[in-house]
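Asker: Under the working numbering, the residues of the sequence shown are numbered 395 to 675, in order.
Beta carbons: idealized from backbone N, C-alpha and C, even for Gly.
Just so we're clear, the structure is a prediction, and the values are computed from it rather than from any experiment.
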Amino acid sequence: MSTTTANAIDTVFAELAARGETALIPFLTMGDPDLDTSVKLIAAAEAAGAHMIELGVPYSDPLADGPVIQRASERALRNKISLTDCIGVAAKAREAGVRMPFILFSYFNPALQLGLDRFFGLLQAHDISGVIIPDLPLEEDEEVRQIAERTGVHLIPLVAPTSEARVERIASRAKGFVYCVSSLGVTGVRSDFHAGIDAFLATVRRASSVPICVGFGISSREHAERFAGVADGVIVGSAIVRQVESSLPPEALSDADRVEAGLAEVRDFIAGLKPRATGGN
């Protein structure tokens with residue numbers, strides 16, 4: 395991937411818009427339950443109809459993540475999973491035939507420790523189209539933004555209902571898509587959403603020249619379809635990670651049949667999240 399080549403995220407959103415479809419973007423914690431199974435889970439997600447996927451880097455102090463993803467990070471960190479291990483999963487998934495765009499989800503410190511130039515060079519080399527860094531504020535992202543532009547990797551911002559006056563500044567500079575946080579607080583499965591969510595999404599839509607996607611708390615097809623008319627994509631994290639936790643516990647990994655059955659359960663769960671098409675433009 396280079397700066398002269400269309401970013402795969404942009405290509406997929408254009409194709410979906412032409413078909414009147416909403417992007418389904420699962421999140422998986424890399425290394426949970428292990429790296430080899432993460433590769434198989436990515437392939438299962440694509441087989442289930444996912445359009446792109448977030449590859450979550452396990453982190454010891456995940457400020458934006460609720461208890462389900464925290465537990466997944468703890469399991470992965472017990473396996474000594476590193477940032478470079480997570481990036482390497484992308485290459486293995488490509489070797490396994492996965493074609494959808496990859497988006498790395500990492501807190502800032504691991505990237506900083508690796509070195510920003512090396513970090514983005516690895517993303518580019520491993521065909522990772524975007525990166526989300528949830529603890530990197532707009533006011534401090536200039537260096538990262540410049541390197542991302544140079545390597546052709548989209549730096550995807552998060553914007554929350556509490557962002558208020560900063561929404562326009564964040565959304566107007568976005569690449570790939572704007573990650574709209576649907577609820578206040580950390581990630582997790584919810585039964586309802588922030589009361590002003592539709593007005594918030596409309597504000598982001600007006601400010602953004604790229605698609606907008608909704609995440610935090612989406613856990614069912616009903617949730618996905620609730621946002622399909624007002625957003626270009628839905629991001630599902632905790633509900634899928636919880637399904638992985640249930641279907642593929644570490645003790646199951648020594649039994650090939652259990653692994654296959656667990657992968658099928660996760661695939662079916664993701665397939666069941668996919669919103670129905672609304673019709674082409």
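1. Would you please state the rounded distance, in angstroms, between the beta carbons of residue 526 and residue 499? I believe it to be under 8 Å.
2. In the structure shown, what three-state DSSP assignment does residue 709 receive?
3. I'd like the list of long-range same chain contacts for residue 440, defined as Cβ closer than 6 Å, with 5 residues on each side in sequence excluded.
4. Helix, strand or coil for residue 581 per DSSP?
5. Could you please give me the residues that DSSP links to residue 645 through a beta bridge?
6. On a CA-only basis, which of 515, 611, 576 and 610 is nearest residue 594? Give me that one, please.
7. Where does residue 556 fall in DSSP's three states?
8. Using CA atoms only, rank isn't needed, just tell me which of 433, 558 and 623 is closest to residue 479.
9. Please classify residue 452: is it buried, with 16 or more other beta-carbons within 10 angstroms of its beta-carbon, or exposed?
10. For residue 611 and residue 633, I'd like the C-alpha separation in whole angstroms.
11. For residue 669 versus residue 625, is the C-beta distance shorter than 7 Å?
12. For residue 389, which option in 665, 644 and 523 has the closest C-alpha, if you only look at C-alpha atoms?
13. Along the beta strand (DSSP E) that carries residue 627, what are the first and last residues, could you check?
14. What's the gap between the Cα of residue 402 and the Cα of residue 523?
15. Can you name, in chain order, every residue of its own chain whose Cβ lies under 8 Å from the Cβ of residue 542, other than the five neighbours on each side?
16. Does residue 461 come out as helix, strand or coil in the three-state DSSP assignment?
17. Secondary structure at residue 570, three-state DSSP: helix, strand or coil?
18. Would you tell me roughly how many angstroms separate the C-alpha atoms of residue 537 and residue 477, rounded to the nearest one?
19. Could you have a look at residue 525 and say whether DSSP puts it in helix, strand or coil?
20. Distance check for residue 598 and residue 566, CA to CA, integer angstroms please.
21. So, is residue 556 buried or exposed, given that buried needs 16 or more other C-beta atoms within 10 angstroms?
Answerer: Looking at the coordinates:
1. Right, the Cβ-Cβ distance comes to about 5 Å (below 8 Å), so this counts as a contact.
2. Missing from the structure shown is residue 709; the chain here goes from 395 to 675 and no further.
3. The residues 492 and 494, in chain order, have a CB closer than 6 Å to that of residue 440 in the same chain once the five nearest residues on each side in sequence are set aside.
4. Low confidence applies here, because residue 581 scores a pLDDT of 46, under 50, leaving its location unreliable and the question unanswered by this model.
5. Note: residue 645 sits in no beta bridge, so no partner.
6. Residue 576 holds the alpha-carbon nearest to the alpha-carbon of residue 594 among 515, 611, 576 and 610.
7. helix
8. 433
9. Answer is buried; the Cβ neighbour count reaches 16.
10. Rounded to whole angstroms, residue 611 to residue 633 spans 8 Å at the Cα level.
11. Note that the C-beta distance between residue 669 and residue 625 is not below 7 Å.
12. Here the chain covers residues 395 to 675 and nothing more, so residue 389 does not appear.
13. 627-630
14. Distance between the alpha carbons of residue 402 and residue 523 is about 6 Å.
15. 514, 525, 548, 549 and 569
16. helix
17. Residue 570: coil per DSSP, three-state reduction.
18. 20 Å
19. Residue state, collapsed to three classes: strand.
20. Each residue's CA atom was taken as its position, placing residue 566 and residue 598 some 9 Å apart.
21. exposed
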